[in-house]
Amino acid sequence: MELPAANNGVHLAAYRSNLPLSALNGKATSEGFDESRFSQCYDDRSSVASHASGALTGYETMDAPPHYDFYANTQVLGRRRRSRPSLYQLHANPEDDSSPPLYEPRTGQMEGDTSEEEEDDQTELSSEPTRFGWIQGVMIRCMLNIWGVILYLRLPWITAQAGIGLTWAIVLLSSCITGITGLSTSAIATNGKVKGGGTYFLISRSLGPELGGSIGLIFAFANAVAVAMHTVGFSETVTDLMRENGAVMVDRTNDIRIIGIITVTFLLGISMAGMAWESKAQILFFLVIMVSFASYIVGTIMPASQEKQAKGFFSYQASIFATNFVPDWRGPEGSFFGMFSIFFPSATGILAGANISGDLKNPAVAIPRGTLMAIFWTTVSYLIITATIGSCVVRDASGLINDTLTSSIDSCVGVSCQYGWDFTPCITNNTCKFGISNYYQAMSMVSAFSPLITAGIFGATLSSALACLVSAPKVFQCLCKDHLYPLIGFFGKGYGKNNEPLRSYLLTYIIAACFIIIAELNTIAPIISNFYLCSYALINFSCFHASITNSPGWRPSFRFYSKWLSLLCAVCCVVIMFLLTWWAALIAIGVVLFFLGYTLYKKPDVNWGSSVQASSYNLALNQCVGLNLVEDHVKNYRPQCLVLTGPPSSRPALVDLVNCFTKNLSLMMCGNVVTADSSPSVVEKASSNSHVFWLNQRKIKSFYRGVVAEELRSGVNMLLQGAGLGRIKPNVLLMGFKKAWRSDPPLAAHNYIEILHDAFDLQYGVCIVRLKEGLDVSNPSQSHVNEGFDGGRDSISTISTPSRIQTSVTTSVTIEPEPQPSTIFQKKQEKKTIDVYWLSDDGGLTLLLPYLLTRRKRWARCKVRVFVGGETDKKEAQKEEVLSLIKKFRLGFHDVEVLPDIYQTPQSVNVHHFESMIRRFKLDSNPKQESDSEPPRQQNAPWMITEQDLERNMAKSLRQIRLNEVLQDYSRDAALIVITMPVGRRGVCPSSLYLAWLDILSRDLRPPVLMVRGNQESVLTFYCQ
């Protein structure tokens, strides 16, 4: 390329790509550039990225500038979603005809497949669902749910009991709890996009499905029962009004049931008509309550009539305020916490807006602003009503117009004496029917027009019932769609443009109707309050937990919160639960723990990036780093196993055996070496999640690590040196025996033995497992199965390079479950023996592994027998010596047998069989020729066996042959044979001869054979330090 002249500096535009636009769009060009060959799945979306980048930088490139679509999980209505180019597309050779790896995001669709999607987008665009702002959707809804019958019927009575001062303290304490919870809710709601599901969504996505699921279920149920509670409150008021006017249908209880069922049916109709109608009804109720408040405030200013004075109302008086400012406890509930327990339910309801988060225009803005404003204005209203009612109405009044002051004021009792009224008789006799200590309808009496207060009561009860009737199905629908619990998915189906959960509405209606029929909710109301408090506690704990884990993903846009205040509030909520009703608190906590245990047991397949995951990472990381500060000690030795399984599903018996002595004890890591040229598709094969999925399905507690290498030995070396973290790293290598070593190419056998030597060089213990029927159950046609790890059909050199994956871009990639074949190591073992041949001291690993096996229930019935070599004349002494040593190790092995016959000469037929094994690998030459050719043999064919090799290793060879005969005699019916593995010297014992030792040692044995060789360092000790 010729550089342009630069008089005034180099112009980068001179280097702009001259490729035609069609090439950048992935279309074939005359120049031969065909990007669609490796990125056709991007189709026209790649051109969008290319054009956007070109418009921004002036270059035609696939690199795309930042865009919202690259981070969104959903499409924007009315247009197709853009996608970020994959790393493979950016750095791969355009002439390479391989497809992107499966783990790269599939970001496009083939032409002709998008008509249905575009049609759906147009439909969604034309039917935009109803969304609400922060005032109508959150603030008004929360205020209506907070205000209730306690505001009208109990707040004056609480003021009389606790006094204005302590009532303010009760109100402010309650508001502090709800306010801090509101701050925590705001922080959680602004830490990402909030969908439908309200409280359940917030807690589950923060703390995870274990606590989120249980809270979602009981919170939805509590809202359903709260519908009945508010409806019964309305029905009782209507029934009392009817009875005052002489209208009775059946009796009081049945009248409440009839009116309640009619009312909840009417509310259900409003709810199912859609969120727009429900919101309009809420606005109507809000206006009614506002008018009732205005009527009450006007009534406190108006001069008191004779009738109102007889009932204790004297307008604003300083002396009445001073008298009512201090407490006057009466009755069994006469205490601060008694009044608090009655008032606190009136402060709940702050989650009404969050519960319909899916119907808000901008939940991240609406929930914090609306919730906090609702808490502020309701708190102000409680304080104002407490102060005004306490300044205008005395605690006790008779209601009799004739009780005016006629005698001396000295004998008159009460502050009413200053205003010409003498209520002394009823005060002394405790028979006063009026005053804020006795008359629950004090606000109605003070009001300028009492029917407006009744209308306010109706508005408060019906609005709360309606809010709960909407909240419960929305929360339950989100819970159903997550499939955390069985048998509830039926209720998650949505209908219409708003995705209304009509089935959940009907379920909520049925639950509410059942409790309305009971018509006695005094014992259930505390449980509801405790469920709400339990939710508040978990929301605050969620905020604290997410903050304390220091997760980079915790970035709430709402900054006005404190993690320590959230923790304090969570503790306070739990304490208040027990102060309200201890048995109800135990029920609520018991329900939470029950569903928590169920979710922990089932382990639902969800991943929400919860703070529990973040804390687990922090804890694991800190513990791993902490291990580096302490040196390893033999007392804490654990066999941490690197198991060369290939794909774990191909050798289930090997996986099950190792799991028997590592489960809940030590590290197990399944290693897979894919021998092929590195490419994205091959890397995907090696690191596929299907292997971990198979292990999880089999309930194997193991890690998985796959690597890609040109040959098996180099791949295993990667695993040996790179597996693990800090001190949590493998120290024992386990692999299957290579049965087909004689028929495979000699290099395959040589590499197999070299893996053993590499492990010994790295101070690993080595174990080889051999089953008579073989370990490999995979299909030989699966090219990604590494056949070098064992098996009857195993071969290293025959592994072919995985074929290119030509997957249609419209095909979804799913993990198909691998079969779960049963193995002998999964079954409960019969009353047999585990025969341990401790022939050489390897540090004690040969004894430790059988001991760990016997700690498992399926192996507990097996008796361990230890065999050692010895001399005939010293047999008993040697037995006592070994038995004494084993007792010091406290392994519980009591059966020791000395085998002097292991040093005898083997049978000639077995020797001939051994010679036939190695005949193929023998180097036939005379001594002089052999001496001259030995260096080339060692370099080019190190597996070949010379006469000198046989002579040098004759004793060991005969020993392995004889040991097989001993195993045949003593352990034919054992459940498992564990034997010390022989070690062949590198450079002295050819690899084929070493493999022949292992083969002859373990051949023709019915029990599984585990050949063990520790790293010659002690793994057992009889010292206490």
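For the sequence shown, the tail end lands on 1024 under numbering that gives the first Met the number 0, and the numbers increase by one without skipping. Every residue gets a Cβ at the ideal spot worked out from N, C-alpha and C, and that includes glycine.
If you draw a straight line from the C-alpha of residue i to the C-alpha of residue j, how long is it?
{"i": "P818", "j": "E1016", "result": "40 angstroms"}
{"i": "H229", "j": "V290", "result": "21 angstroms"}
{"i": "A373", "j": "Q88", "result": "52 angstroms"}
{"i": "K310", "j": "P208", "result": "56 angstroms"}
{"i": "L641", "j": "H632", "result": "21 angstroms"}
{"i": "W942", "j": "R984", "result": "13 angstroms"}
{"i": "I804", "j": "L620", "result": "With a pLDDT of 33 at I804, under the threshold of 50, the modelled position of that residue is not reliable, and the figure given next carries that caveat. Distance between the alpha carbons of I804 and L620 is about 37 angstroms."}
{"i": "Q828", "j": "C861", "result": "7 angstroms"}
{"i": "L1009", "j": "S839", "result": "15 angstroms"}
{"i": "A545", "j": "F292", "result": "41 angstroms"}
{"i": "L404", "j": "L172", "result": "41 angstroms"}
{"i": "P679", "j": "S687", "result": "12 angstroms"}
{"i": "I388", "j": "S462", "result": "24 angstroms"}
{"i": "P84", "j": "G352", "result": "39 angstroms"}
{"i": "S294", "j": "D402", "result": "28 angstroms"}
{"i": "F913", "j": "P905", "result": "11 angstroms"}
{"i": "A161", "j": "S550", "result": "45 angstroms"}
{"i": "G1013", "j": "P981", "result": "11 angstroms"}
{"i": "N1064", "j": "F285", "result": "With the chain covering only 0 through 1024, there is no way to say anything about residue 1064."}
{"i": "S415", "j": "L399", "result": "13 angstroms"}
Name the DSSP bridge partner or partners of residue i?
{"i": "G764", "result": "V731"}
{"i": "G975", "result": "Looking at the sequence shown, residue 975 is not Gly but Leu. Its beta-bridge partners are I833."}
{"i": "I944", "result": "K921"}
{"i": "F320", "result": "According to DSSP, which records beta bridges pairwise, F320 is partnered with nothing at all."}
{"i": "E499", "result": "Y494"}
{"i": "K862", "result": "T832"}
{"i": "E896", "result": "F866"}
{"i": "R1034", "result": "For the chain, the structure presents residues 0 to 1024; residue 1034 sits outside this window and is missing."}
{"i": "L643", "result": "G670, M734"}
{"i": "A512", "result": "A512 is not bridged to any residue."}
Excluding five sequence neighbours on each side, which residues of the same chain lie with their C-beta closer than 7 angstroms to the C-beta of residue i?
{"i": "T180", "result": "I349, Y535, I538, N539, C568"}
{"i": "I699", "result": "V654, N658"}
{"i": "T262", "result": "T230, F233, S234"}
{"i": "G259", "result": "T230, V231, S234, I515"}
{"i": "Y636", "result": "V1018"}
{"i": "A685", "result": "N671, V673, G705, V706, V707"}
Can you list, in chain order, the residues of its chain with a C-beta nearer than 6 angstroms to that of residue i? Leave out the 5 residues immediately preceding and following it.
{"i": "L20", "result": "The predicted position of L20 is uncertain, since its pLDDT is 40 and thus under 50; a value taken from the coordinates is nonetheless stated next. Cβ within range, chain order: n/a, list empty."}
{"i": "I296", "result": "none"}
{"i": "S29", "result": "Residue confidence is low: S29 scores 40 on pLDDT, short of 50, so the model does not pin down where it sits. Its coordinate-derived value is still stated next. Nothing meets the Cβ criterion."}
{"i": "L1034", "result": "Residue coverage of the chain in this structure runs from 0 to 1024, which leaves residue 1034 outside it and unanswerable."}
{"i": "V226", "result": "A464, C467, L468, A511"}
With residue i and residue j assumed to form a contact (beta carbons below 8 angstroms), what rounded beta-carbon distance in angstroms separates them?
{"i": "I527", "j": "A221", "result": "5 angstroms"}
{"i": "F490", "j": "L506", "result": "6 angstroms"}
{"i": "Y560", "j": "A186", "result": "4 angstroms"}
{"i": "P651", "j": "T822", "result": "5 angstroms"}
{"i": "Q720", "j": "L761", "result": "7 angstroms"}
{"i": "F759", "j": "L656", "result": "Not really, about 22 angstroms apart at Cβ, beyond 8 angstroms."}
{"i": "S397", "j": "K432", "result": "7 angstroms"}
{"i": "I435", "j": "A159", "result": "4 angstroms"}
Which residues in the same chain as residue i place their Cβ atom closer than 8 angstroms to its Cβ, once the five residues preceding and following it in sequence are excluded?
{"i": "P934", "result": "Any reading at P934 must be qualified, since the residue scores a pLDDT of 49, below 50, and its modelled position is unreliable; the value itself is stated next. Same-chain partners within the cutoff: there are none."}
{"i": "K874", "result": "V897, P899"}
{"i": "V910", "result": "L957, I960"}
{"i": "L664", "result": "R637, L851"}
{"i": "F593", "result": "S213"}
Report yes or no: do three or more beta-carbon pairs, one from the segment 131-138 and one from the segment 357-371, lie closer than 8 angstroms? yes
Could you tell me whether the segment 444-457 touches the segment 297-315, where touching means 3 or more Cβ pairs closer than 8 angstroms? yes
Evaluate contact between the segment 675-694 and the segment 874-885, counting only Cβ atoms and requiring at least three cross-stretch pairs below 8 angstroms. no
May I ask you to verify whether the segment 987-1005 touches the segment 952-972, counting CB pairs closer than 8 angstroms and requiring at least 3? yes
Would you call the segment 249-263 in contact with the segment 470-488, where contact means no fewer than 3 C-beta pairs closer than 8 angstroms? With the cut-off at 8 angstroms, the segment 249-263 and the segment 470-488 do not touch.
At least three beta-carbon pairs within less than 8 angstroms, the segment 600-619 to the segment 572-580: no
Stretch pair the segment 764-775 + the segment 723-737: three plus CB contacts closer than 8 angstroms: Flag = yes, the segment 764-775 and the segment 723-737 touch.
Should the segment 667-681 be called in touch with the segment 620-629, which here means at least 3 C-beta pairs below 8 angstroms? no
Quick check: the segment 830-848 against the segment 745-755, are there 3 or more CB pairs under 8 angstroms? no
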